[in-house]
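J.:
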Amino acid sequence: MSVALQCPQCQAPISANTKKCEYCQSEIFVNSVAYLSTKDSGVISRYLSSYQTLLNENPRNLEANVGVGVCFLIRGLYQEAQPYFVMATKNLFRIFLKLMLQKLRSPYVSLYSSVARNFSTAYDTFLTN
Ligand SMILES: [Zn+2]
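Taking my numbering as reference, the numbering of the sequence shown is continuous, increasing by one, and the terminal residue is 130.
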């Protein structure tokens with residue numbers, strides 16, 4: 002399913018995989034408070050709504066989770082930012098693990114699956130409360 006996305010800065014139409022707007026050259030995915038802190042509140046709202054559109058399609062979207070977290074930090078919404086960074090961190094771990102598993106063969110596969118399960122449990126228990 003494809004969604005209609007716009008560049009948060011110039012509002013030109015963009016596709017879901019675009020990293021940089023081809024019209025105004027601005028970054029579509031932001032991971033830096035410094036970059037966004039120079040933008041006005043309307044631009045930040047548009048960044049937020051484009052990330053929310055992506056998260057409606059895929060709540061695990063790594064870049065969109067980081068983006069929402071950064072937008073909330075800029076607005077001083079620290080508590081609201083936290084779950085997005087938690088989700089992003091979990092996804093980074095999954096991606097890391099997938100890359101590891103591609104390089105490894107049994108018996109390491111089951112060992113790493115066990116590490117992943119335990120990490121997720123520990124994360125859910127200790128870091129999200
Ligand atoms: Zn643009």
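Idealized CB from N, CA, C, for every residue including glycine.
(1) Any heavy atom of ligand 1 within a distance shorter than 8 Å of the CB on residue 36?
(2) In angstroms with no decimal places, state the Cα-to-Cα distance between residue 76 and residue 6.
(3) Leaving aside the five residues before and after residue 19 along the sequence, list all residues of the same chain whose C-beta is less than 7 Å from its C-beta, in chain order.
(4) Can you tell me which of 62, 67 and 104 puts its alpha carbon nearest to the alpha carbon of residue 37?
(5) Quick check for students: name the residue ranges of the alpha helix (DSSP H) that lie wholly in the segment 60-94, counting only runs of 4 or more.
T.: Inspection of the coordinates gives the following:
(1) Flag unset: Cβ of residue 36 not near ligand 1.
(2) Going by the C-alpha atoms only, they are around 23 Å apart.
(3) The residues are 29.
(4) Checked all of 62, 67 and 104; the closest Cα to residue 37 is 67.
(5) If only uninterrupted alpha helix (DSSP H) runs of at least 4 residues are considered, those enclosed by the segment 60-94 are 63-75.
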